[in-house]
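See structure below.
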Amino acid sequence: MHADLSRLTFRPELHYSAVLAQQGRVQLDADANEQTAIDLGRARALTADLIGQHGGPRGATGFAITFVGGRRDIDDLTIGGGRYYVDGIQLDADRPAPGTAVPDEDAPGDAGTDDADGGAGGAAAADATWTYWDQPDAHRDPEVPGDRLPTQFPFVVYLKVWERSVTAAEDPALREVALGSAMPDTAARVKVVWQVLPLTLSEIGLLGTEPSPDEVRGAFRAWADRQEAPGGRAALRGERPERADEDPCLVGPDARYRGPENQLYRVEVHDGGTAKDATFKWSRENGSVLFPVDGLDGTWVELASLGGDDKLDLNVGDRVEFVDSAYASRLEPLPLLRVEEIDLPGRRVRLSGEPGTQRGGVGRRPELHPYLRRWDHRDGHRRPSSGAGRGTAAAARPRSGAVPIEEGRWLPLEDGVEVYFAKGGTYRTGDFWVAAARTATGSVEWPLDAARRPLLQAPAGIALHHAPLALIRGEGGSVDLRLAFGPLAGAIPAASEAELAAERQARDEEAAAESGAPNPRSQTSTAAEAEAEEETGEWTGEWTGEGAGKVAGKAADEVADDGASASGSASTSPSASTGGAPGAGRRAPGRGGRRHG
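Encoded structure:
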């Protein structure tokens, strides 16, 4: 990420789960950024574990692809709204509604408020879906033949997903204007970039014209794995140069890193390919030195500012990259330009080439927020000592403004900092490595083996992700290659509720038996039965005391009603007084008339 960072400390192999802030300590950007990386990594890993490599929620699955043949115009695709997940990364394809503007005071009363039919300012005036040509991050150009859809059917449409950084130079709304224009911007942002792109069958190794969906998915996965696999490895180190003529009051005589300031060095691939074609560029500020562009006039570029100090300014001979939102999203490099002349009062610089005349017209559209990004390699000579540059460039002469990659040897950058590219690498535009250089130790922070030799590392980014969307067969329709998943939660069936209740009762009884205490449910049931027996006087077992008397009285009344004679004295006999129950006259513990337990 091109941001003004002190260093990057997130190491997934260490399995840290949280960053703990301690009282009375300095708060660093690296700690906060590591916590963000931990949280994001955990959330995306869980999402990918549950969903798989890609998929969308059933009923709201995004990125439905429809082919629109152009009988007169060029072919197009529509991209349906919704959500989709690729390797745990959430993508939103919904097109934001434009909203409704407040009408002018002198406009008719209903002007600007007719939303129903898409009138002036109405939200319905805008389509709710994206198309291949206006999708937000791909920036395809109909005038460029390579950007058009294939003319031979069938072909595959797929998603390419990655992330890039955005600062206030590209999104001015990120800047807190209350801090004043002289203050730097605060936090940067990370943006998820998704692009819907075409791919011919031959590019994924399919030769037939009627492949099955499973064959397409399998061939595409093999192709995507090759695209996502890191192809180049590199290492950085600090090595004391043979001629160390820096001021010994500023730099220790034995320091391998000879710079006077702490830096975060970034080495980034510019032109991809094998070593014979690949180039790189580097920055001591992680590529974060930017100059927003206010206007273009031939080779002259008017800037919003020329920098706040000597460390972050521009000098004649500096290499700059002309960037806007479209260029940053396409990952297709253009030649770097050199600063030839500087007009300080006019905040203008003259470049070695005219911006905007190359592919895509970079910098010609103000709504894409063009800016210059400074890189710190030079054309073989030192920058002035008062400027930000202090070292020599790599030995090879720049090609298209970038430094050719030479594998198998250490290439000097500046102040003892060197980079090494392993042999046999294949490089992608945007691949980068970062290393912090510290004056306190006079060294470059980089992983080492037991013998303190630098370890070759895969790029720290950019991480690419891919997913197939559709197989386009032209006017014959298309085959949907997306995957969908349903919700995990559902209603509990009634039978399950009864089973759960029975399980709870069994657990309670088992716990009561183990503790030796009476079952609370059994005691309650016994009390309820005794209450019912007292109220109804029905025979349910052995009775004592008052209960027996109630039964005897009831029996005597029934005998009298039947016209019995003096033999009714049986109602007062010992057997009647006890209801004929054995053990009459005993009183049960507790309440009178209760069933004898």
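Heads up, the sequence shown is in the numbering used here, so the first residue is 2 and it goes up one at a time. No residue lacks a Cβ here, since even glycine has one placed at the ideal position from N, Cα and C.
Asked: Helix, strand or coil for residue 502 per DSSP?; Found: helix
Asked: Going by DSSP, which residues form a beta bridge with residue 447?; Found: Bridge partners of residue 447: none, in fact.
Asked: If contact is defined by three or more beta carbon pairs under 8 Å, each pair taking one atom from either stretch, is the segment 454-465 in contact with the segment 20-28?; Found: no
Asked: How long is the line joining the alpha carbons of residue 291 and residue 72, rounded to whole angstroms?; Found: 45 Å
Asked: Just to confirm my understanding: we take residue 156, look at its own chain, exclude 5 residues before and 5 after, and list those with CB closer than 6 Å. What are they?; Found: 199, 201 and 473
Asked: Grouping DSSP H, G and I as helix and E and B as strand, with all else coil, what is residue 376?; Found: strand
Asked: Let me know the secondary structure DSSP gives residue 224 once reduced to three states.; Found: helix
Asked: Give the range of the beta strand (DSSP E) segment to which residue 48 is assigned.; Found: Unbroken run through residue 48 is the alpha helix (DSSP H), 30-52; no beta strand (DSSP E).
Asked: With a threshold of 16 other CB atoms inside 10 Å of the CB of residue 2, please say whether the residue is buried or exposed.; Found: buried
Asked: By DSSP's criteria, residue 291 is part of a beta bridge. Which residues make up the other side?; Found: 374
Asked: Whole angstroms is fine: what's the gap from residue 433's alpha carbon to residue 75's?; Found: 37 Å
Asked: On a Cα-Cα basis, can you pick out the residue from 333, 343 and 273 that is closest to residue 306?; Found: 343
Asked: Measure the beta-carbon distance from residue 175 to residue 190 and round it to whole angstroms, keeping in mind my assumption that it falls under 8 Å.; Found: 7 Å
Asked: Quick one: Cα of residue 581 to Cα of residue 504, how far?; Found: No answer about residue 581 holds up, because its pLDDT of 44 lies below 50 and its placement is not dependable.
Asked: To the nearest angstrom, how far is it from the Cα of residue 130 to the Cα of residue 300?; Found: 39 Å
Asked: State the Cα-Cα distance for the pair residue 416 and residue 430, rounded to the nearest angstrom.; Found: 26 Å
Asked: Apart from the five residues just before and just after residue 163, which ones in its own chain have a Cβ nearer than 6 Å to its Cβ?; Found: 194, 463 and 465
Asked: Looking only at its chain, what residues have a beta carbon closer than 6 Å to the beta carbon of residue 257, apart from the 5 residues adjacent to it on each side?; Found: 239, 240, 241, 417, 443 and 444
Asked: Residue range of the beta strand (DSSP E) that residue 266 falls in?; Found: 264-270
Asked: To the nearest angstrom, how far is it from the Cα of residue 232 to the Cα of residue 428?; Found: 6 Å
Asked: Looking at C-alpha atoms only, which residue of 502, 35, 451 and 369 is the closest neighbour of residue 167?; Found: 369
Asked: Just mark residue 205 as buried or exposed, buried being the case when its beta carbon has 16 or more other beta carbons within 10 Å.; Found: buried
Asked: Going by beta-carbon coordinates alone, are residue 338 and residue 323 separated by less than 8 Å?; Found: yes
Asked: Using DSSP bridges, identify the partner residues of residue 599.; Found: The displayed coordinates of the chain run from 2 to 598. Any statement about residue 599 would go beyond what the structure contains.
Asked: DSSP puts residue 199 in a beta bridge; with which residues?; Found: 158
Asked: Which residues in the same chain have their Cβ closer than 7 Å to the Cβ of residue 35, if we skip the five residues on either side of it in sequence?; Found: 10, 11 and 20
Asked: Confirm, please, whether the CB-CB distance from residue 84 to residue 60 is below 8 Å.; Found: no
Asked: Suppose the cutoff is 6 Å on Cβ atoms and the five residues either side in sequence are ignored; what does the same chain contact list for residue 118 look like?; Found: Residue confidence is low: residue 118 scores 45 on pLDDT, short of 50, so the model does not pin down where it sits. No coordinate-derived value is stated.
Asked: Is residue 363 helix, strand or coil when you go by DSSP?; Found: coil
Asked: Short of 7 Å in beta carbon distance, which residues of its chain neighbour residue 403, apart from the five on each side in sequence? Order them along the chain.; Found: 271, 272, 280, 281, 282 and 337
Asked: Taking the C-alpha atoms as reference points, what is the distance between residue 154 and residue 365?; Found: 35 Å
Asked: Rank 183, 224 and 96 by C-alpha distance to the C-alpha of residue 159 and give the top, closest one.; Found: 224
Asked: Under 6 Å Cβ to Cβ from residue 491, same chain only, skipping five residues before and after it: list those, please.; Found: none
Asked: Where do the N-terminal and C-terminal ends of the beta strand (DSSP E) with residue 401 fall, by residue?; Found: Taken as a continuous stretch (DSSP letters only), residue 401 belongs to no beta strand (DSSP E), as it is neither H nor E.
Asked: For residue 266 and residue 236, what's the separation of their Cα atoms in angstroms?; Found: 12 Å
Asked: Do residue 132 and residue 180 count as a contact pair if the criterion is CB distance below 8 Å?; Found: no
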